[in-house]
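Undergrad: Take a look at the following structure, please.
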Amino acid sequence: MRVNAEQAVFLELPPEAAFLSLAVSAAETAGKAWDLGPGRTPRLVLAVEEFFEYLRGNIPPGDTLKLSLRRRGPALRAEFRFRARSLDLRALNFAAGVAPEDGREMGLLLAARFTDRCRLERPGGDSFVLSAEVDRDYPQAEPLTQHPRLQPPYAPLDQPSGDALRHAAMLAAGRYPARLCPHGFFEPGRLLDMVAAGLYEVLVLADKAGRPAGIMLWRSPAGSLSVFFSGPYVLDEARDPAIARALTEGFLARVARTPAICAVSERPTGDLPAEFFEPLGSVGCTQGGERVEQQAFYRSLREDEGASVWAHPDLEPFLRREYERLAFVREILPVEADGGQPHSLLATDLDLRRGMAVLRPLLDGRDLAANLARHVEALGREGAPDIFLHLDLGQAWQAAMSPALLAAGFTPRLLLPHGATSDMVVFEHGDAAH
Amino acid sequence: MATPHTDPAAWSTSRLLDRIPAYVRAFECYVPSRPDPVLMRQYGLSHLYRLNNNENALGPPPLAREALAALESGRTAQYPSGDSYNLRQALAARFGKSPEQFLVGNGSTEIIAAVIKSFCGPGDALVTADQTFAVYEWVGRFSGLETRLVPLRNHALDPGALLEAVNERTKIVFLCNPNNPTGSWWNRDTLEAFLESLPADVVVVLDEAYREFTEDSRFPDGMEVMERHPNVLVFRTFSKMYGLAGLRVGYLCGGQELVDVVRRCHIVYSVNVAGQMAAEAALADDAGHIAATRAMVAGARDFLRDAFDSLGLEHVGGIGNFIMVRTAIPDTLLYRQLMRQGVMVRTMTAFRFPNWIRISLAQDEAMEAFVRAFRAVLDQG
């Protein structure tokens, strides 16, 4: 076992039942040591237990399971790294083996149900990472609904104090719909932990009297060429547009010389100055049982060099229309549906708090259509009505999947330049997508 | 316990990457624009007006052209002068200084790195503006130094704020005068007052890459300023006014003791034969070329200012062969749309001027092509 300074524990475990107790004990200890709390720690322990039990039967003989437990801001993350051969891959689908009619459930789904986020990734070759995160509990803060009339000039706070951040979050929560607010706005302690851990970067403006005038947040997921922003949140009674503009310009200045090559909206508010962004379109989201259209906005941070993408003829009209509209130069290379090996594999990002699942193809297979249908059914039953699939047009084998996606009820909604190894298409499932 | 199956190459690479300093890992690679033929093929163009790099559209002075035309191919088998001996002699004669006070590099950017390596170590800091030539900040950051960025005031370097940003760890202040990309500049009095207020043990890099574009008598002459302020190093280049950007020749001038320090960290033999020859020849015959360039730039600036005024657009320009304009659409989108019409400009997001573009000032044909394309894009809404 190894512990490092960034609050992480690493174990390498033989895939034998006798070592289950060691994995479970490590999860319990991490939960206790890092203040996950008595109510939440058992959820992490359950995920570790289910993952271990499941994986130990599905990795090649002689391999080990590498477990890390890590504190990431408000969450504790359990992560198994392992190798799987093609014969085993089918079982890694979240929806594999689900047979609701006879009541049996697969461990991965069970773990997903009790954690806040679950994810399967394939860093390369036959290496996989299966992870689950459980968030700490934070006290709720009452949103502030009285917004004072502020006085210009508005200036950014170099390093906003915890109190300034908390105050700004509560004011934003009192003004904007919940779907446009990060969870941390309602639990400011969570927001502070996320900022401290670098999971969010934040820009806070203050007015002449030092009162919070606006806030904007963004995150840069590891491995992504995009920054995803939320806001701008304007806290002035009169919604002074100068605040939104200053927040947006400040945000762009801060990300302009980073490795990010584009900025994409995650929760764009109505105060977003339109002149700084390009509208990509919209996707549907379920809020309180109702469907709402969530607009998406984009901006390149650099001069675009052009690129090549793969596309099946079924998707080409959508792509040509969007590339023309967005003025991107792209060479579209044709692919045909193949199917390749027998079994497909889909990675699933499941966020039950938001009722949302994102699928990403990891392997193509002749059972893709059936696999998609199983995922849609299983995820819907788990409480994720909003199901998206991200297709990487830089991968010919992924681009070849579009006929199966269309047949399974997915519709292309957004083209996201540089969203993956090349451009990415966001497909949405369901009638509302049409 | 069995040995885990891992990909040895991937594992080795991962270990290597783990050992890279965080400030290098976090650094963004600069991606230069692709060659014109590639861009023209991508955009389906028969002609491309490249207005993104502030190159001199008139090219180099006549004697430099002749020197390049006369360059024998056999000469390339020999190394160049390792320290640009003849060129330094010519520079010394031009400016009335010792050749030892000059250091010639493969463009000013190489000398920026040499200066930083010479004076800065772990824990040291640089100060410069946040909206200025990016290379000072880049080299500072990927050298692991704290790089303190000071906002402009009214599109100009703010002397008071720059002084406030200086502390006991500050080793170098970079001043771009005139400033790229705003064209704003400090006059003699402003620069003098700044240097008087700055601790004398802080090196000042006075980057005068565009100073030949002005004949305003109020503009300070770094070659004269450095005589009174031994902490000043003056940077100039043959890439702008002298039309030799493709050969990459820049130089610094300073007090001999300071220059000797920088020379220790400077790579010799970095300036090629053609660059040294052309630069030396350019100095010998520049009066007519400078006058013609100034006239072309002034005409182009007036033309674009009128066009931007007629469109009601905010623009900024001063000294230098460029002008900036602000539009109501993202500059990166505008770039793509202008490229479709065969005009290439510089987006300003990376200069922290989102929604601004910078246009190099060139001959009438290029300026007219730009305005046509620009109006067409804006008319599309």
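Those protein sequence lines, which keep their order, are chains A and B.
Numbers in our numbering are just positions in the first sequence, counted from 1, shifted up by 152.
Numbers in our numbering are just positions in the second sequence, counted from 1, shifted up by 1352.
No residue lacks a Cβ here, since even glycine has one placed at the ideal position from N, Cα and C.
This structure is a prediction, so every number in the text was calculated from the model and none was measured.
Which residues in the same chain as Thr1542 (chain B) place their Cβ atom closer than 8 Å to its Cβ, once the five residues preceding and following it in sequence are excluded?
TA: Around Thr1542 (chain B): Pro1511.
Undergrad: If you draw a straight line from the C-alpha of Ala1545 (chain B) to the C-alpha of His1399 (chain B), how long is it?
TA: Approximately 48 Å between the Cα atoms of the pair.
Undergrad: Taking only the alpha-carbon atoms, compute the straight-line gap between Arg223 (chain A) and Ala348 (chain A) and give it to the nearest angstrom.
TA: Their Cα atoms are separated by approximately 12 Å.
Undergrad: Can you tell me where the alpha helix (DSSP H) with Trp549 (chain A) in it begins and where it stops?
TA: Run containing Trp549 (chain A): Ala548 to Ala551, per the alpha helix (DSSP H) assignment.
Undergrad: Nearest chain B C-beta to Glu455 (chain A) closer than 9 Å, yes or no?
TA: True, the Cβ-Cβ gap to chain B drops below 9 Å.
Undergrad: Per DSSP, which residues does Ile1524 (chain B) bridge with? Please list them.
TA: Answer is B:Leu1478 and B:Val1555, bridged to Ile1524 (chain B).
Undergrad: Cα separation between Tyr306 (chain A) and Phe403 (chain A)?
TA: Computed Cα separation, rounded: 14 Å.
Undergrad: Less than 9 Å separating the beta-carbons of Ile484 (chain A) and Arg454 (chain A)?
TA: Not in contact: Ile484 (chain A) and Arg454 (chain A) (Cβ atoms no closer than 9 Å).
Undergrad: Report buried or exposed for Glu168 (chain A), applying the criterion of at least 16 other Cβ atoms within 10 angstroms of its Cβ.
TA: Under this definition Glu168 (chain A) is an exposed residue.
Undergrad: Between Leu1368 (chain B) and the rest of its own chain, which residues show a CB-CB distance below 8 Å, the 5 nearest in sequence each way excluded?
TA: Excluding sequence neighbours, Leu1368 (chain B) sits near nothing in its chain.
Undergrad: Does chain A have any CB closer than 9 Å to the CB of Tyr1603 (chain B)?
TA: Tyr1603 (chain B) does not count as touching chain A.
Undergrad: For chain A, find out if any of its Cβ atoms is closer than 9 Å to the Cβ of Phe1379 (chain B); answer yes or no.
TA: Phe1379 (chain B) counts as touching chain A.
Undergrad: So, does the CB of Thr400 (chain A) fall closer than 9 Å to a CB anywhere in chain B?
TA: Answer yes: the Cβ-Cβ gap between Thr400 (chain A) and chain B drops below 9 Å somewhere.
Undergrad: Going by other Cβ atoms of all chains shown within 10 Å of its Cβ, with 16 needed for buried, is Cys1617 (chain B) buried or exposed?
TA: With fewer than 16 Cβ atoms within 10 Å of its Cβ, Cys1617 (chain B) is classed as exposed.
Undergrad: Ends of the beta strand (DSSP E) at Val354 (chain A)?
TA: Its beta strand (DSSP E) spans residues Glu353 to Ala358.
Undergrad: To which residues does DSSP link Val286 (chain A) through a beta bridge?
TA: According to DSSP, Val286 (chain A) bridges with A:Leu228.
Undergrad: Quick one: what's Glu1498 (chain B) bridged to in DSSP?
TA: Answer is B:Ala1477.
Undergrad: Can you tell which of B:Ser1712, B:Leu1690 and B:Arg1371 has the C-alpha that lies nearest to the C-alpha of Leu1656 (chain B)?
TA: It is B:Ser1712.
Undergrad: Assign Leu467 (chain A) to one of three DSSP states: helix, strand, or coil.
TA: Coil, per DSSP.
Undergrad: Rounded to a whole number of angstroms, what is the C-alpha to C-alpha distance between Glu442 (chain A) and Val435 (chain A)?
TA: Taking the straight line joining both Cα atoms gives about 13 Å.
Undergrad: If you compare alpha carbons, which of B:Gln1689, B:Val1649 and B:Leu1599 is closest to Ser1460 (chain B)?
TA: Nearest C-alpha to Ser1460 (chain B): B:Leu1599.
Undergrad: DSSP puts Pro486 (chain A) in a beta bridge; with which residues?
TA: Bridge partners of Pro486 (chain A): A:Ala463.
Undergrad: Report back the beta-carbon spacing between Gly336 (chain A) and Thr297 (chain A) to the nearest angstrom; my notes put them in contact at under 8 Å.
TA: Not confirmed; about 18 Å, so no contact.
Undergrad: Which residues of chain A have a Cβ atom closer than 7 Å to the Cβ of Arg1386 (chain B), listed in chain order?
TA: Result: Glu457.
Undergrad: Suppose only complete runs of 3+ residues qualify. What are the beta strand (DSSP E) ranges in the region 1556-1608 of chain B, listed by chain order?
TA: As far as the region 1556-1608 of chain B is concerned, its whole beta strand (DSSP E) runs of at least 3 residues are 1584-1589 and 1602-1605.
Undergrad: Determine whether the Cβ of Gln1441 (chain B) lies closer than 9 Å to any Cβ atom of chain A.
TA: No, because no Cβ of chain A sits closer than 9 Å to the Cβ of Gln1441 (chain B).
Undergrad: Taking Ala536 (chain A) as the reference, give the member of A:Gln547, A:Gly507 and A:Gly517 with the closest Cα.
TA: The shortest C-alpha separation from Ala536 (chain A) is found at A:Gly507.
Undergrad: Only counting the same chain, and skipping five residues up and downstream in sequence, which positions put a Cβ closer than 6 Å to that of Leu512 (chain A)?
TA: In the sequence as displayed, the identity of residue 512 (chain A) is Arg instead of Leu. Cβ neighbours of Arg512 (chain A) beyond the five flanking positions: Ala499 and His542.
Undergrad: Ends of the alpha helix (DSSP H) at Leu1471 (chain B)?
TA: Checking the sequence, you will find Phe at residue 1471 (chain B) rather than Leu. That run of the alpha helix (DSSP H) goes Ser1460 to Phe1471.
Undergrad: What does Arg669 (chain A) touch in chain B if you count any residue whose Cβ is under 9 Å from its own?
TA: Residue 669 (chain A) cannot be examined here, being either before or after the span of chain A that is shown, 153 to 586.
Undergrad: With DSSP as the reference, label Gly1457 (chain B) as helix, strand or coil.
TA: Strand.
Undergrad: What does a CB cutoff of less than 6 Å around Thr1534 (chain B) pick up in its chain, not counting 5 residues either side in sequence?
TA: Correct list, in chain order: His1507 and Val1668.
Undergrad: Pop quiz: Leu1514 (chain B) and Gly1492 (chain B) are said to be a contact at Cβ under 8 Å. What is the actual Cβ separation, rounded to whole angstroms?
TA: About 15 Å separates the two Cβ atoms, so there is no contact after all.
Undergrad: Output the distance between the C-alpha atoms of Ser596 (chain A) and Arg1570 (chain B), rounded to the nearest integer angstrom.
TA: Nothing can be reported for residue 596 (chain A): it is not among the residues displayed for chain A, which extend from 153 to 586.
Undergrad: Verify the CB distance criterion: does Glu1666 (chain B) have a CB-CB separation below 9 Å to chain A?
TA: No, its Cβ sits nowhere closer than 9 Å to a Cβ of chain A.
Undergrad: To the nearest angstrom, how far is it from the Cα of Pro1413 (chain B) to the Cα of Trp1538 (chain B)?
TA: For Pro1413 (chain B) and Trp1538 (chain B), the distance between alpha carbons rounds to 28 Å.
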